[in-house]
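To start, the structure itself, in structure tokens.
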Amino acid sequence: MRIGIIAALPGELKLLVRGHQKMPVARGSGIAMWEWELGGNQVVAVCAGMGAAAAHRAFAAAEFAGSLDAVISIGWAGALTELAKPGESYAVSEIIDSLTGERFSANSTGERLVTTAHVADAAEKHRLATSYGANLVDMEAAAVARLAQMRGIPMYCFKAISDGVGANLPNLNPFIDADGTMRMPAFLAHVAVRPQYWLPLAQLGRSSSVAAKALANATREFLQDLQI
Numbered sequence: 006m007r008i009g010i011i012a013a014l015p016g017e018l019k020l021l022v023r024g025h026q027k028m029p030v031a032r033g034s035g036i037a038m039w040e041w042e043l044g045g046n047q048v049v050a051v052c053a054g055m056g057a058a059a060a061h062r063a064f065a066a067a068e069f070a071g072s073l074d075a076v077i078s079i080g081w082a083g084a085l086t087e088l089a090k091p092g093e094s095y096a097v098s099e100i101i102d103s104l105t106g107e108r109f110s111a112n113s114t115g116e117r118l119v120t121t122a123h124v125a126d127a128a129e130k131h132r133l134a135t136s137y138g139a140n141l142v143d144m145e146a147a148a149v150a151r152l153a154q155m156r157g158i159p160m161y162c163f164k165a166i167s168d169g170v171g172a173n174l175p176n177l178n179p180f181i182d183a184d185g186t187m188r189m190p191a192f193l194a195h196v197a198v199r200p201q202y203w204l205p206l207a208q209l210g211r212s213s214s215v216a217a218k219a220l221a222n223a224t225r226e227f228l229q230d231l232q233i
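In my numbering, the protein residues as written are 6 to 233.
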């Protein structure tokens, strides 16, 4: 069996893929990919940036060497309510595309997640929680779920919380390129003269680090138990 793991950023995969073979990809593609074997199954993990278009590129890269029998969407997510705690990992049972209203079932028991086309700020988080009764928000899971549905394969989803519901973060959206990558020099220059964001960003970094560890542990445990 071939199992695809789709993430947005290398930091979301770093602990999960440690020690596994990194695969060659086209220079400048923005894609990073790793492959390994586990219990007779072949696992391929790919990240290609934030958002739906990047998720499509990552899915295509995962399929390049052969079709997938199952796919797992993993990564950092924002909390929409106080029930989702920074640093903790959650299985997702339902994914809602906020652009189309489509709902997708993930093959797990867990939380409801909303996928948006941009990074949600505190006001948007409140609206999403009220509108959809969800606890988590991300930018990729609905795209992965749609591709899995089109192929008739099971889709699973695990997300770990990087930013709490009331996090006072700067607007990240102007610094995300069309390919889903952060323009870090421009972003760092922006926040360097805005000290009100220094502490929240430091907290985000700590929460993201803890969340990545929780995500890797949850995904490893799931892969060990996965029966297709």
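Glycine included, C-beta positions come from ideal geometry on N, C-alpha and C.
Exposure of residue i, with buried meaning 16 or more beta-carbon neighbours within 10 Å
i, result
"Leu73", "buried"
"Ala59", "buried"
"Met189", "exposed"
"Ser212", "buried"
"Asp168", "buried"
"Arg62", "buried"
"Met3", "In this structure the chain extends from 6 to 233, so residue 3 is not present and cannot be described."
"Lys27", "exposed"
"Glu99", "buried"
"Asp230", "exposed"
"Thr114", "exposed"
"Leu204", "exposed"
"Ala194", "exposed"
"Ala216", "buried"
"Glu226", "exposed"
"Ala183", "exposed"
Residue i and residue j closer than 8 angstroms at C-beta
i, j, result
"Ala146", "Val97", "yes"
"Ala111", "Ala150", "yes"
"Ala13", "Gly210", "no"
"Gly54", "Gly35", "yes"
"Ala165", "Glu93", "yes"
"Ser78", "Ile181", "no"
"Val76", "Ala153", "yes"
Straight-line gap, residue i to residue j (C-alpha atoms, nearest Å)
i, j, result
"Lys218", "Leu20", "7 angstroms"
"Gly71", "Glu116", "31 angstroms"
"Leu118", "Thr105", "14 angstroms"
"Met155", "Phe109", "12 angstroms"
"Met6", "Ala57", "25 angstroms"
"Pro29", "Ser136", "43 angstroms"
"Pro175", "Tyr202", "7 angstroms"
"Leu206", "Leu220", "20 angstroms"
"Asn222", "Ile101", "25 angstroms"
"Glu107", "Thr224", "26 angstroms"
"Phe163", "Met187", "23 angstroms"
"Ala134", "Asn178", "20 angstroms"
Neighbour flag for residue i against chain C, beta carbons, 8 angstroms
i, result
"Trp81", "Of the chains in the structure shown, none is chain C; there is only one protein chain."
Given 8 angstroms, three or more beta-carbon pairs between the stretch 151-166 and the stretch 122-132: no
For the structure I just gave you, are there three or more beta carbon pairs, one from the stretch 75-89 and one from the stretch 135-146, closer than 8 angstroms? yes
Counting Cβ pairs closer than 8 angstroms, one from the stretch 71-85 and one from the stretch 127-134, do we hit at least three? yes
Do the stretch 163-178 and the stretch 35-52 make contact, defined as three or more Cβ pairs closer than 8 angstroms? no
Report the residue ranges of all beta strand (DSSP E) runs contained in full by the stretch 84-123; include only those spanning at least 3 residues, in chain order. 94-102, 108-110, 116-120
What runs of the alpha helix (DSSP H), each 4 residues or longer, lie entirely inside the stretch 153-223? 189-197
Where are the beta strand (DSSP E) runs, 3 residues long or more, that stay fully inside the stretch 25-96, in chain order? 37-43, 46-52, 75-84
3 or more residues per run - each beta strand (DSSP E) lying fully within the stretch 120-147: 141-143
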